[in-house]
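Under the UniProt record's numbering, the first residue of the sequence shown is numbered 1, with each subsequent residue one higher. The beta-carbon is built from N, C-alpha and C at its ideal position, and this holds for glycine as well. Computed from a predicted model, the values in this text were never measured in an experiment. Since the structure comes first, as structure tokens, the remarks are kept for the end.
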Amino acid sequence: MKRLLIKGGRVLDTQTKTDGVLDILVENGIIVKIEENIPSENTEVIDARNLWVLPGLVDMHAHLREPGFEYKETIESGTKAAAAGGFTTIACMPNTNPVIDNAFLVEYIFSKIQKEGFVKVKPIGAVSKDLKGEVLAEIGDMIQAGAVAFSDDGHPISDTSLMKKAMEYASMWDKVIISHCEEPTLSRGGFMNEGKKSTILGMQAIPEIAEDIMVARDLILAQYTGCKVHIAHVSTKGSVEMIRQAKAKGVRVTCEVTPHHFSLTQEVEDGWNAQTKVNPPLRTKEDVEAILKGLQDGTIDAIATDHAPHHRDEKILEYALAPSGISGLETALPLAMTNLVKNNILTPLQLVEKMSFHPAKILDLDVGTLQIGKCADITIINPDKKEIVDKNEFYSKGKNTPFHGMELYGKVFYTIVEGKIVKNIETIQRGE
Ligand code: DOR
1 MKRLLIKGGR VLDTQTKTDG VLDILVENGI IVKIEENIPS ENTEVIDARN
51 LWVLPGLVDM HAHLREPGFE YKETIESGTK AAAAGGFTTI ACMPNTNPVI
101 DNAFLVEYIF SKIQKEGFVK VKPIGAVSKD LKGEVLAEIG DMIQAGAVAF
151 SDDGHPISDT SLMKKAMEYA SMWDKVIISH CEEPTLSRGG FMNEGKKSTI
201 LGMQAIPEIA EDIMVARDLI LAQYTGCKVH IAHVSTKGSV EMIRQAKAKG
251 VRVTCEVTPH HFSLTQEVED GWNAQTKVNP PLRTKEDVEA ILKGLQDGTI
301 DAIATDHAPH HRDEKILEYA LAPSGISGLE TALPLAMTNL VKNNILTPLQ
351 LVEKMSFHPA KILDLDVGTL QIGKCADITI INPDKKEIVD KNEFYSKGKN
401 TPFHGMELYG KVFYTIVEGK IVKNIETIQR GE
């Protein structure tokens, strides 16, 4: 029998409201005991004194680029990056080539994960065939094959009738639609937030209302259809407020924010360095303040990376031509620790809620909690260790980050998937 004892760490679990110094005993990948002073005979031991022991982090929004864009990322490199970042489960978006819009592609992703994955991966299927926003994809077939949610992320669904149909269809299985909210006739051709700064820099811009209008539409559709809708990468104060009101009315809506949208404002944009180019664009101080409030009061359910790796040669193009996106799996936890927990925006238990418990719940996955009988997906971090972000040390192929050189708190010491240590302080390995 394979046994692992995690000794003396601060165990934090949102679902059971645990926050205390405890030991955790794992046998054959399952948590069998959580209590003080478990004896350590015949057991591999991790000394977790002064460390935090969390349910494995869950990222509900990552782009793994496979199949089709292996020069940006692969399942192997992306899941290594996930393990390095403390994630034990990630969900991958379907904007690949071919698009993940049928059961065969979902099965293909599962077979690759089994061979090459370092952490668990759950495929998200496309809402529309080939992400064209014209015809519904094979949602039912993809559910049978194991798709956990549906999204045309990266592409807004501007055909309201198609979105309504998608919601009606997904609600038959009680599956969630993840919506990339962008009104394309307002955002087309733009690449930074519309305002004084975009005018000064002479940049084509995307107004906040491009997001707000689509959020409003999708909240109305969610209320009408009864479908579970999750708003991806919320970036405006208007969206936060509308989602708050919709929740109060009982609409089945959840939402996420990315670490870059709670950490940065448009003030970091200089008009030439495309490391800050992202969709939706970075917004204003007022938007970030609304996001922080939304995180605190529970309007914003989850923190998701929107890990969007791109090749160096693409990102060094001039601003207008470079693709949008930030490689986020390896900086998400340090950004949340530094900007949210150390700044007293979130408590440690709220951090666990937003980075593990809620994303698991939204996708209906049986992970995101530390409890006896549950699988031992566990992340162990040193909350006080500061480190300078070095993109050259990323396991992701995507070195595109605006956070290179920043000093951040919170270092992942161990990532444990079903009782197997896939990352320890020095190395990453596949848990065979
Ligand atoms: O910045 C982004 N990049 N936002 C998205 O919605 C898609 C993503 C990508 O796929 O590169």
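Buried or exposed by the 16-neighbour rule on C-beta atoms within 10 Å, applied to residue i
i           : result
residue 17  : exposed
residue 259 : buried
residue 250 : exposed
residue 31  : buried
residue 321 : exposed
residue 283 : buried
residue 71  : exposed
residue 289 : exposed
residue 344 : exposed
residue 39  : exposed
residue 425 : exposed
residue 188 : exposed
residue 144 : exposed
residue 65  : buried
residue 59  : buried
residue 427 : exposed
residue 231 : buried
heavy atom of the ligand DOR below 7 Å from residue i C-beta
i           : result
residue 436 : A question about residue 436 goes unanswered here, because the residues of the chain that appear run from 1 up to 432.
residue 190 : no
residue 400 : no
residue 323 : yes
residue 273 : no
residue 130 : no
residue 95  : yes
residue 133 : no
residue 304 : no
residue 308 : yes
residue 153 : yes
residue 435 : Residue numbering for the chain in the displayed model covers 1 to 432; residue 435 lies beyond these limits and cannot be assessed.
residue 278 : yes
residue 63  : yes
residue 404 : no
residue 180 : yes
Near the ligand ATP: residue i beta-carbon under 7 Å from a heavy atom
i          : result
residue 98 : Among the ligands present in this structure, namely the ligand DOR, the ligand ATP is not found.
Closest residue to residue i among the options (Cα-Cα distance)
i           : options               : result
residue 400 : 45, 317, 381 and 422  : 317
residue 174 : 107, 418, 228 and 97  : 228
residue 293 : 267, 332, 244 and 326 : 244
residue 437 : 138, 87, 81 and 84    : The question about residue 437 has no answer here: the residues shown for the chain are numbered 1 through 432.
residue 417 : 22, 21, 35 and 82     : 82
residue 154 : 164, 361 and 178      : 178
residue 376 : 34, 66 and 208        : 34
residue 286 : 302, 270 and 265      : 265
residue 252 : 208, 352 and 171      : 171
residue 248 : 232, 263, 272 and 223 : 223
residue 237 : 311, 402, 53 and 208  : 208
residue 336 : 160, 69, 86 and 182   : 86
residue 29  : 41, 22, 226 and 6     : 6
residue 396 : 271, 73, 37 and 374   : 73
Residue i versus residue j - alpha carbon distance
i           : j           : result
residue 411 : residue 392 : 17 Å
residue 381 : residue 135 : 45 Å
residue 76  : residue 196 : 42 Å
residue 328 : residue 307 : 4 Å
residue 256 : residue 57  : 14 Å
residue 14  : residue 48  : 19 Å
residue 167 : residue 125 : 14 Å
residue 366 : residue 298 : 22 Å
residue 121 : residue 62  : 10 Å
residue 24  : residue 429 : 22 Å
residue 127 : residue 44  : 45 Å
residue 78  : residue 309 : 9 Å
residue 211 : residue 304 : 18 Å
residue 421 : residue 84  : 11 Å
residue 9   : residue 385 : 15 Å
residue 217 : residue 117 : 37 Å
residue 152 : residue 92  : 12 Å
residue 273 : residue 319 : 6 Å
residue 148 : residue 200 : 43 Å
residue 374 : residue 106 : 26 Å
Proximity below 8 Å, CB of residue i to CB of residue j
i           : j           : result
residue 261 : residue 239 : no
residue 119 : residue 89  : yes
residue 190 : residue 157 : no
residue 383 : residue 414 : no
residue 338 : residue 389 : no
residue 326 : residue 278 : yes
residue 221 : residue 242 : no
residue 19  : residue 359 : no
residue 213 : residue 301 : no
residue 225 : residue 164 : yes
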